[in-house]
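For the record, the sequence lines run as chains X and P. Residue numbering for the first sequence is 662 to 829, as defined by our numbering. Residue numbering for the second sequence is 662 to 829, as defined by our numbering. Glycine included, every Cβ here is placed at the ideal spot set by N, Cα and C. Data first, discussion second: the structure below is written as structure tokens.
There are 2 protein chains.
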Amino acid sequence: MLPMKSRYALKALVFLARHQADGPVPVAGIAAAEAIPVKFLEAILLELRNSGILTSRRGPTGGYQLRVEPETVHLGDVIRNLSGPMAPLPCLSKTAYHRCTECVDEATCAVRLLMADVHAATLRIVDGTTLAQLVARVDASAAGEAEGQSERCRPEQGPVSAKLDFID
Amino acid sequence: MLPMKSRYALKALVFLARHQADGPVPVAGIAAAEAIPVKFLEAILLELRNSGILTSRRGPTGGYQLRVEPETVHLGDVIRNLSGPMAPLPCLSKTAYHRCTECVDEATCAVRLLMADVHAATLRIVDGTTLAQLVARVDASAAGEAEGQSERCRPEQGPVSAKLDFID
DNA sequence: CCAATTCCTATCATCGCGATAGGCTTACTT
DNA sequence: AAGTAAGCCTATCGCGATGATAGGAATTGG
Ligand code: FES
Ligand code: FES
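What follows is the structure in structure tokens.
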């Protein structure tokens, strides 16, 4: 499960990307718009600021603002900064690596072999998507909503398991 | 993080796939070979039995055994049976779906849009890999270990982010 | 009958997570 | 200078999931 911290952060960043022109936006404004607990969001935005993604100004007319262009914000970094590495196994994290005590040989560990692919696939998506791209996709999704043209189409995917479309 | 329950289960299944010919294998044997707490593994194998993957026999010479061929065991089902759905968001699970209270419109939710791809990629791997394939990969990995021929090669992947190889 | 093994229930300790409380600091407005 | 709106920071709390253990009942081979 993606932690609430990261979910809220992503929502807030999308919101801020949309309001780049408005100058600093106060926490209360974002929280109200996105239905996020104010004090919790406060802590989140603070972390994002300390990690360099946001700027802040205090006092009246203060608030938060994107420090960098949305095209340069990789969503994987956002999640990592707030919720730590997302490796499904300790032995797969580069920044927080530590050996799996239960495994004798890392090189021939079946669990590791399987999850390494999962991890790689995940990173390819979250690190390969920028905030700008996400905003664009939301817009596209909203545009095609009235139409029966749901989701983004990926018709040529190649049969993987020949079974049914995967669930859950 | 993949729960210990699922990690242990995968290891045990690989072990059992390797010892298919030996007849029933007692829990203690698997636990010793894979360094898994006995009582914990006991509970895990019991669940796997109740979900139809394993057979058991009691008494002396008893133990656990694969009920079906390793080619028909999809690893995603193993994980699901033991640790529940692996959807990164409640709104992405088919079997345990429930609406995200914090999100106004599911169709235009940025978080959902991003994680849907992650989820799909994960399922494509875990449900697209069978126990037999995993065993084969372990063998292949063990064979190429002495050689500099590490991991499975996927040379043509297409530039995704043009950045560095992803970390964590 | 005995011993080995599965089966089942209950219980525990710990930890991470989501969230809140309370106060301090900065800075704009009047 | 006062007042106030905002960010900044630390501490704490409740809760549930997780990993693990205890103890015993049921089954079955020798
Ligand atoms: S799971 Fe990390 S080495 Fe086996
Ligand atoms: S995260 Fe599920 S609808 Fe937004």
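query = Apart from the five residues on each side of it in sequence, which residues of its chain come closer than 6 angstroms, Cβ to Cβ, to residue 790/X?
reply = Result list for residue 790/X: 736, in chain order.
query = Is the Cβ-Cβ distance between residue 675/P and residue 795/P less than 9 angstroms?
reply = Taking 9 angstroms as the cut-off, the beta carbon of residue 675/P is found closer than this to the beta carbon of residue 795/P.
ask   = Which residue from 662/X, 721/X and 695/X puts its Cα closest to that of residue 771/P?
value = The shortest Cα separation from residue 771/P among 662/X, 721/X and 695/X belongs to 695/X.
inquiry  = Relative to the C-alpha of residue 788/P, which candidate in 802/P, 732/P, 765/P and 701/P has its C-alpha closest?
reply    = Answer by Cα proximity: 732/P.
request  = Report yes or no: is there a C-beta of chain X within less than 9 angstroms of the C-beta of residue 810/P?
outcome  = Low per-residue confidence applies at residue 810/P: pLDDT is 48, beneath 50, and the placement is therefore not dependable, though the value from the model is reported in the following sentence. So no, residue 810/P is outside the interface.
key: For residue 821/P, three-class secondary structure by DSSP   = No answer about residue 821/P holds up, because its pLDDT of 42 lies below 50 and its placement is not dependable.
inquiry  = I'd like to confirm something about residue 747/X: is its beta-carbon nearer than 8 angstroms to some heavy atom of ligand 1, or not?
reply    = False, no ligand heavy atom lies under 8 angstroms from that Cβ.
inquiry  = Looking at chain X, is there any beta carbon in it that lies within less than 9 angstroms of the beta carbon of residue 793/P?
reply    = False, the Cβ-Cβ gap to chain X never drops below 9 angstroms.
Any C-beta of chain P under 9 angstroms from that of residue 786/X = So, interface residue.
task = Please state whether DSSP places residue 724/X in a helix, a strand or coil.
result = The answer is strand: DSSP assigns residue 724/X an E or B state.
request  = Tell me, please, which residues DSSP counts as bridged to residue 735/X.
outcome  = Assignment of beta-bridge partners to residue 735/X by DSSP yields 791/X.
ask   = With 16 as the cutoff for other CB atoms within 10 Å, does residue 785/P come out buried or exposed?
value = By the Cβ neighbour-count rule, residue 785/P is buried, with 16 or more other Cβ atoms within 10 Å of its own.
inquiry  = Is it the case that the region 772-784 of chain X contacts the region 750-759 of chain X, given that we only count it when at least three CB pairs across the two stretches are under 8 angstroms?
reply    = Result yes; three or more Cβ-Cβ pairs closer than 8 angstroms.
Contact the region 761-776 of chain X vs the region 677-692 of chain P: 3+ CB pairs below 8 angstroms = Contact between the region 761-776 of chain X and the region 677-692 of chain P is absent, because fewer than three Cβ pairs lie under 8 angstroms.
message = Given 8 angstroms as the limit, tell me if residue 763/X has its C-beta closer than that to any heavy atom belonging to ligand 1.
response = Yes, the beta carbon of residue 763/X sits closer than 8 angstroms to at least one heavy atom of ligand 1.
ask   = The alpha helix (DSSP H) spanning residue 668/X covers which residue range?
value = First-last of the alpha helix (DSSP H) with residue 668/X: 665-679.
task = Select from 739/P, 799/P and 677/P the residue whose C-alpha is nearest the C-alpha of residue 773/X.
result = The option with the nearest alpha carbon to residue 773/X is 799/P.
ask   = Taking 8 angstroms as the line, does the beta carbon of residue 776/P fall inside it for any heavy atom of ligand 2?
value = At least one heavy atom of ligand 2 lies closer than 8 angstroms to the C-beta of residue 776/P.
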